[in-house]
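Numbering (the numbering used here), first residue to last: 53 to 311. Beta carbons: idealized from backbone N, C-alpha and C, even for Gly. Source: prediction; values computed, not measured. Beneath this line is the structure, given in structure tokens, with notes to follow.
Right, dumping it as structure tokens:
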């Protein structure tokens, strides 16, 4: 297998940074002008999302909505789309995923995944057509979406760290395409008592991965398996009593038996 280098750019245009990463063979050069043009394009889109959803920007539509102004639901198609996505996510997860905190609408746990998918599909995916680019990746917070050229056998390496020791590696995923989201803590209106410490979900898109990792953390070790089975989820859960529980396409690798 050839050796790769991974040039990356961090874009600080939103409350949470975005990282664009490419996979390029070590002995290959790519057209930097094309990369710079694409990064500028992505930066502009993120800046647009900042005007809509930044909580640090008091003039954003989300800040206005939190203050009681409901006009963004009418004036902005994008804002309305995200709002409807959060309602759907809450219903699908029986409100273990929640977009409200302290009585205010705050869709950040869904929003990161949604923005990743929008930017990935509209702006970044076409970079796979650039000579020398074998893989692309876009990360925001604990969610990442990635893809590889269909005509090669390149796989992204995604490391999952121990929630209690970030220097310790507990699992590694090798993916050609897809998304991964990990939740270690979540603000939710509905939380079950359990020993869950971390939930990772692998999906075809970052939006669903983000929703289910957040819902899994809130639902806990006893309740989340029901969703895993029903929605054929893939990923892993770490519980302080049961240890590491892997699940793939809705089937767990072990029954949770307390130590």
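Near residue 61, which residues of its chain fall below 6 Å by C-beta distance, leaving aside the five closest residues on each side in sequence?
72 and 91
Give the C-beta separation of residue 201 and residue 186 to the nearest angstrom, bearing in mind that I take them to be a contact with Cβ-Cβ under 8 Å.
5 Å
If we cut at 8 Å on Cβ distances, does residue 283 have a partner in chain D?
Looking for chain D here will not work: only one protein chain is present.
Do residue 75 and residue 206 have their C-beta atoms within less than 8 Å of each other?
Residue 75 places its beta carbon less than 8 Å from that of residue 206.
Which of helix, strand or coil does DSSP assign to residue 101?
helix
By alpha-carbon positions, which one of 106, 139, 179 and 104 ends up nearest to residue 85?
179
In whole angstroms, what separates the C-alpha of residue 326 from that of residue 149?
One cannot answer for residue 326 here, as it falls past the ends of the chain, which runs 53 to 311.
Quick one: grab the DSSP three-state call for residue 71.
strand
Burial state of residue 303 (16 or more Cβ within 10 Å)
Classification for residue 303: exposed.
Taking the beta carbon of residue 181 as the centre, do at least 16 other beta carbons fall within 10 Å, making it buried, or is it exposed?
exposed
Is the number of C-beta pairs between the region 253-267 and the region 276-283 that are closer than 8 Å three or more?
These segments touch.
Which residue spans inside the region 204-233 form an unbroken beta strand (DSSP E) run of at least 3?
208-214 and 217-227
If we count the other Cβ atoms within 10 Å of its Cβ and call it buried at 16 or more, is residue 191 buried or exposed?
buried
Please report the residue range of the beta strand (DSSP E) in which residue 191 lies.
185-192
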